[in-house]
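> In this note's numbering, the protein residues as written are 203 to 697.
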Amino acid sequence: MKLTKKHRLNLVLNEIKQSEDPTIIPCTFIVLDYDVSGNNVIVDKDVALEGGKTLINKPIVAKYNEVEEPNTKTDNFGGHEQYLGEDRYGNLTVKSDTVPIGVFTTEGYELTININGEEKEVMAADAVLWKTRFSDACDLLLEWFNSGITINTSCEYLYSNFTLKDGIEYHHSPIYFEGHAVLASENRGDQSLVLPAYESSKLLSFNEINKFNKLVAQAINQEDKEEKENMKFFKKINELSHSDIRSLLYGQLDPSLNQNEYSWISDVYESYFVANVYSYAEGNEFDKYFKFNYSKDGEAISVDLESKTEVMVKRDWVEVSQFQSVQNELEEKSTKVEELTTQLNEKEGKLTELETQLNTVTTEKESVEKQFNEVSEKVVTLSTQVEELKPFRNQVEQEKLEKALNEKKDFYSKKFNALKAAEKFDSEEVQELITKSIDETEEGKQAILQLNTMLVELVEVTQEPKTEDPVIRELSSKRENLIPASNDFESRYSN
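1) Please give me, in chain order, every unbroken run of the alpha helix (DSSP H) with length at least 4 that falls completely inside the stretch 213-300.
2) Would you call the stretch 380-391 in contact with the stretch 279-289, where contact means no fewer than 3 C-beta pairs closer than 8 Å?
3) Alpha carbon to alpha carbon, what distance is there between residue 371 and residue 543?
4) Give the C-beta separation of residue 324 and residue 251 to the nearest angstrom, bearing in mind that I take them to be a contact with Cβ-Cβ under 8 Å.
5) Between the C-alpha atoms of residue 343 and residue 515, what's the straight-line distance to the nearest angstrom?
6) What are the start and end residues of the beta strand (DSSP E) that includes residue 368?
7) Could you give the residue range of the beta strand (DSSP E) that holds residue 499?
8) Is it the case that the stretch 608-617 contacts the stretch 577-596, given that we only count it when at least three CB pairs across the two stretches are under 8 Å?
9) In terms of residue numbering, what span does the alpha helix (DSSP H) encompassing residue 661 cover?
10) Classify residue 346: buried if its beta carbon has 16 or more other beta carbons within 10 angstroms, exposed otherwise.
11) Secondary structure at residue 631, three-state DSSP: helix, strand or coil?
12) Could you say which of 462, 452 and 231 lies nearest to residue 353 if we only look at CA atoms?
13) Any idea what DSSP makes of residue 341, helix, strand or coil?
14) Excluding the five sequence neighbours on either side, which residues of its own chain have a C-beta within less than 8 Å of the C-beta of residue 222, listed in chain order?
15) With distance defined between alpha-carbon atoms, name the residue in 474, 593 and 655 nearest to residue 617.
16) To which residues of the same chain is residue 268 closer than 6 Å at the C-beta, ignoring the five residues directly before and after it?
17) Just the Cα atoms here: how many angstroms apart are residue 519 and residue 367?
18) Leaving out five residues on either side along the sequence, give the residues of the same chain with a beta carbon under 6 Å from the beta carbon of residue 480.
19) Report yes if the CB atom of residue 218 is closer than 8 Å to the CB atom of residue 330, and no otherwise.
20) Per DSSP, what kind of secondary structure is residue 519 in: helix, strand or coil?
21) Would you check if the distance between the CB atom of residue 265 and the CB atom of residue 300 is smaller than 8 Å?
22) Taking all protein chains shown into account, do 16 or more other C-beta atoms lie within 10 angstroms of the C-beta of residue 361, making it buried, or fewer, making it exposed?
23) Output the boundary residues of the beta strand (DSSP E) element that contains residue 317.
24) Pick from 546, 499, 485 and 459: whose alpha carbon is nearest that of residue 510?
25) Cutting at 6 Å between CB atoms, please list the residues of its own chain near residue 507, excluding the five before and the five after it.
26) Could you check what DSSP says for residue 698 in three-state terms: helix, strand or coil?
27) Can you confirm whether the stretch 625-633 touches the stretch 597-608 when touching is taken to mean that 3 or more C-beta pairs between the two stretches lie within less than 8 Å?
28) Give the list of continuous beta strand (DSSP E) stretches no shorter than 3 residues that lie fully inside the stretch 576-607.
29) What are the partner residues of residue 353, as DSSP defines its beta bridges?
30) Measuring only the C-alpha atoms, how far is residue 469 from residue 503?
31) Which residue comes first and which comes last in the beta strand (DSSP E) that contains residue 514?
32) For residue 529 and residue 535, what's the separation of their Cα atoms in angstroms?
33) Of the choices 357, 635, 585 and 289, whose alpha-carbon is the least far from that of residue 256?
34) Count the other CB atoms, across all protein chains shown, that sit within 10 Å of the CB of residue 239; report buried if there are 16 or more and exposed otherwise.
35) What span of residues does the beta strand (DSSP E) with residue 329 cover, start to end?
36) Determine the direct distance from the alpha carbon of residue 243 to that of residue 423, and round the result to whole angstroms.
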């Protein structure tokens, strides 16, 4: 069977144009240049332009992840979204969970662009995105494009002829473009930035596609039965995260392999990793595990290729009694874990109850604080009003005091003048007593008493000479009882 290989490149969305047709968005992609790519591959201009004829009518696909909440920047694109499945005949095959959102409308053509002031020849192709059918995905691309964010797009092509020279792989005609996927171009929502997997061509460079599918299935079964969902193996093939240690290890391990050797990293530890290396070279076919030491310096990984040592899985045979003892101990620990879990649940329930009480107390405290603040505001308001009214109150009290003082002075002035003691009235002692007398205190009462005492002392008592009343004598011509015997009015007062 003819050898077929697959290679991925990085496309750049170079231009978005206006269209009178509201259902589409015309755009242009820069597919490739003719220099050495990031994974040491060169495609000459003639080869690229010849293969570019197969770009027309090839789909632009994507996995669009919707926003978590409206009007938030949480939507994003995924990666290649590939997984292992079966075709209609029950054979294992690599499938993709993406949908077409556009199509290339031209063949690849030569274009000269300016990069940092330098003219550079590239191969470009025009395309249209289906705006009305995939409006959210197109709006996100427009947002990125208008914000100056480089839009990562991965393009695959098949090739069959190549040569190696000075560590660089030269691809020759014919090449056939087959798929173009829009990738996550920034950390956004739950999706991290996805870069095209430049080294993936080496994993896909097998003699037959069916042999590749079989190898992927074996790798997934050895890693974990659930690896099919997580697709960690395909993460190495299709998309790279900056923090993916496995990808960094692959990046240094794979270039050291021979042309017909392929690797799968089965286990990664703190200072070493184990890789399953396959060889399909004629006369040198093997399937072995090797241990490699590596070190980390921040985000940089350094693999010690000289530490390569063949290893194998080790199993121990133990007596059944020992196994039973370990199993019993494990069951005891499991029972203890269940007890501790029950206690933990009880404590969590108590904690929830205390949190509820705390929330109730907090609510009551907030209510009391609110009432206190309201009362405090009223007190401050009333105090302000009192301060504002204090001058008026003082004025009224002063006027009342002066009125009472004037009344007292007028009252005592008349008394002293009547006794011809005006000078005494004007004395400092009397004026001080009059001022004190307006108070309703004990001191005021004493002042009134002293003033009244002064007035009494000022009164002069004059005694007239005593004259004797003349004695009227009249001799009675009769010697008879002059006292009437009868007590009636006639008898007593008539002659």
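Glycine included, each C-beta is placed from N, C-alpha and C at the ideal position.
Bear in mind the structure is a predicted one, so any value in this text is a computation, not a measurement.
The short version:
1) Fully enclosed alpha helix (DSSP H) runs of 4 or longer: 247-253.
2) Judged by Cβ distances under 8 Å, the stretch 380-391 makes contact with the stretch 279-289, as three or more pairs qualify.
3) Approximately 59 Å between the Cα atoms of the pair.
4) Taking 8 Å as the upper bound for CB-CB distance, residue 324 and residue 251 are not in contact here, some 11 Å apart.
5) Those two C-alpha atoms are separated by around 49 Å.
6) No beta strand (DSSP E) contains residue 368, which DSSP labels as neither H nor E.
7) Its beta strand (DSSP E) spans residues 486-499.
8) With a cut-off of 8 Å on Cβ pairs, the stretch 577-596 is not in contact with the stretch 608-617, counting fewer than three such pairs.
9) It is not in any alpha helix (DSSP H) - residue 661 carries neither H nor E in the DSSP assignment.
10) By the beta-carbon neighbour count (other beta carbons within 10 angstroms, threshold 16), residue 346 is buried.
11) Residue state, collapsed to three classes: helix.
12) Of the candidates 462, 452 and 231, the one whose C-alpha sits nearest the C-alpha of residue 353 is 231.
13) Per DSSP, reduced to three states, the secondary structure at residue 341 is helical.
14) Result list for residue 222: empty, nothing under 8 Å.
15) Just measuring C-alpha positions, the residue of 474, 593 and 655 sitting nearest residue 617 is 655.
16) Only 277 meet the Cβ criterion.
17) Those two C-alpha atoms are separated by around 51 Å.
18) So the qualifying residues of the chain are 464 and 489.
19) Remark: C-beta atoms of residue 218 and residue 330 do not approach each other more closely than 8 Å.
20) Judged by DSSP in its simplified three-state form, residue 519 adopts coil rather than helix or strand.
21) The criterion of a C-beta distance shorter than 8 Å is satisfied by residue 265 and residue 300.
22) By the 16-neighbour rule on beta-carbons within 10 angstroms, residue 361 is buried.
23) First-last of the beta strand (DSSP E) with residue 317: 311-317.
24) Here the closest residue by C-alpha is 459.
25) Cβ within range, chain order: 458.
26) Since the first residue of the chain shown is 203 and the last is 697, residue 698 is not available in this structure.
27) Verdict: no, contact absent.
28) Whole beta strand (DSSP E) segments, 3+ residues: zero.
29) Note: residue 353 sits in no beta bridge, so no partner.
30) So the alpha carbons of these two residues sit roughly 16 Å apart.
31) Here residue 514 belongs to no beta strand (DSSP E), and DSSP marks it neither H nor E.
32) When rounded, the distance between both Cα atoms is 10 Å.
33) Cα-wise, what sits closest to residue 256 is 357.
34) With 16 or more other CB atoms across the displayed protein chains lying within 10 angstroms of its CB, residue 239 is buried.
35) Element bounds for residue 329: 320-332.
36) In this prediction, residue 423 scores a pLDDT of 46, lower than 50, which makes its location untrustworthy; no coordinate-derived value is stated.
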